[in-house]
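So that you can map any letter, position 77 of the sequence shown is 76 in numbering that gives the first Met the number 0, and since no number is skipped, the others follow by simple counting.
Here a beta-carbon is modelled for each residue, glycine too, at the ideal position from N, C-alpha and C.
I have placed the structure first, in the form of structure tokens, so that the comments after it can refer back to it.
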Amino acid sequence: MESVAARISLLFEAGRRPGIDDVRTLLSQDGSGLIISHVHSGMDARHGVELLAQGLAFDLTGLAPGMADAMPPCLHRFDLSDGCDRADLEAITLQPGHHLSGGTTMKPVVQTMMNVAGALCPLDGLVAVAWHPASSWLSPAYFASMTRNWLEGGIFPARGLVGLELSADGGLQSEGAAFFTGQEVRVEPELVESTASATKIAVRLIDHLVENGPFEAVEQMVGP
Numbered sequence: 000m001e002s003v004a005a006r007i008s009l010l011f012e013a014g015r016r017p018g019i020d021d022v023r024t025l026l027s028q029d030g031s032g033l034i035i036s037h038v039h040s041g042m043d044a045r046h047g048v049e050l051l052a053q054g055l056a057f058d059l060t061g062l063a064p065g066m067a068d069a070m071p072p073c074l075h076r077f078d079l080s081d082g083c084d085r086a087d088l089e090a091i092t093l094q095p096g097h098h099l100s101g102g103t104t105m106k107p108v109v110q111t112m113m114n115v116a117g118a119l120c121p122l123d124g125l126v127a128v129a130w131h132p133a134s135s136w137l138s139p140a141y142f143a144s145m146t147r148n149w150l151e152g153g154i155f156p157a158r159g160l161v162g163l164e165l166s167a168d169g170g171l172q173s174e175g176a177a178f179f180t181g182q183e184v185r186v187e188p189e190l191v192e193s194t195a196s197a198t199k200i201a202v203r204l205i206d207h208l209v210e211n212g213p214f215e216a217v218e219q220m221v222g223p
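Listed below in structure tokens is the structure:
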């Protein structure tokens, strides 16, 4: 189930939002293999480019000098200070192209989009990277490191692509896991000896769901 669109916003200091030429220059120097396959010309919020990566097309919109894209909400922060979500930031947005509309939760599509976003992290003035399905904001360095590890075969980066918060009754509840698996994860209060231990359990479960699909019956697992 897909309740939130597969979007990544790159959030820049005011007046430092990149233009098409900035993106073109970066891609010509970084060796990522990404290419600009189409330019959306115009002065509205669609001012941007189509990026081609491993045969998949992604739209990057909100580039200067057109209008900035809408700012995404910030409910979970990773490697960022509490004051990072200030009102003067400006957003550009990366999302799958129209031909991928039916498969935006598929692992190859999401991983390729993460790879594209990571390649854009060296752009000047970048303050944070926002993953819309979890309403999470991450520092550019943390985002690039986390996703690179996943792309190289590491554990799914739940601490970033999924929000984990204590609920009123003391249980630990995920936000954004359903984007990948169709299910959210909850660690019941009696299993929460500490937030750290509950987080380890939740991260292990989310990684299992991403790799193996959602639970369809009661299962037992060996935890940390």
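Report the rounded CA-to-CA distance for residue i versus residue j, giving the unit in angstroms.
i, j, result
"residue 208", "residue 80", "30 Å"
"residue 129", "residue 198", "21 Å"
"residue 8", "residue 180", "22 Å"
"residue 158", "residue 165", "14 Å"
"residue 62", "residue 31", "20 Å"
"residue 12", "residue 88", "5 Å"
"residue 100", "residue 38", "20 Å"
"residue 52", "residue 28", "16 Å"
"residue 17", "residue 156", "27 Å"
"residue 151", "residue 111", "12 Å"
"residue 26", "residue 123", "13 Å"
"residue 65", "residue 113", "24 Å"
"residue 119", "residue 167", "38 Å"
"residue 92", "residue 153", "26 Å"
"residue 44", "residue 57", "No answer about residue 44 holds up, because its pLDDT of 48 lies below 50 and its placement is not dependable."
How would you label residue i, buried or exposed, when you count the other beta carbons within 10 angstroms and need 16 or more for buried?
i, result
"residue 97", "exposed"
"residue 220", "exposed"
"residue 115", "buried"
"residue 2", "Caution is warranted here: a pLDDT of 49 is assigned to residue 2, below 50, making its placement in the model unreliable, and no coordinate value can be reported."
"residue 175", "buried"
"residue 95", "buried"
"residue 20", "exposed"
"residue 68", "buried"
"residue 217", "exposed"
"residue 212", "exposed"
"residue 140", "exposed"
Beta carbon of residue i, beta carbon of residue j: below 8 Å?
i, j, result
"residue 126", "residue 10", "yes"
"residue 48", "residue 33", "no"
"residue 170", "residue 187", "yes"
"residue 86", "residue 117", "no"
"residue 265", "residue 189", "Given that the chain is displayed from residue 0 to residue 223, the structure contains no residue 265 and the question cannot be resolved."
"residue 178", "residue 138", "no"
"residue 195", "residue 163", "no"
"residue 146", "residue 5", "no"
"residue 50", "residue 108", "no"
Tell me where the alpha helix (DSSP H) around residue i begins and ends.
i, result
"residue 154", "No alpha helix (DSSP H) contains residue 154, which DSSP labels as neither H nor E."
"residue 117", "106-119"
"residue 27", "19-29"
"residue 238", "Here the chain comprises residues numbered 0 to 223, so residue 238 is not present and cannot be evaluated."
"residue 243", "The displayed coordinates of the chain run from 0 to 223. Any statement about residue 243 would go beyond what the structure contains."
"residue 233", "Shown here, the chain extends from 0 to 223; a query on residue 233 therefore has no answer."
In terms of residue numbering, what span does the beta strand (DSSP E) encompassing residue i cover?
i, result
"residue 174", "171-174"
"residue 58", "55-60"
"residue 47", "47-52"
"residue 162", "162-165"
"residue 103", "Per DSSP, residue 103 belongs to no beta strand (DSSP E) and is neither H nor E."
"residue 94", "89-95"
"residue 37", "34-39"
State yes or no: is the C-beta of residue i nearer than 7 Å to some heavy atom of the ligand SAH?
i, result
"residue 58", "Absence of the ligand SAH is noted for the structure shown, with no ligands found whatsoever."
Pairing CB atoms from the segment 128-148 with CB atoms from the segment 66-75, are three or more of them under 8 Å? yes
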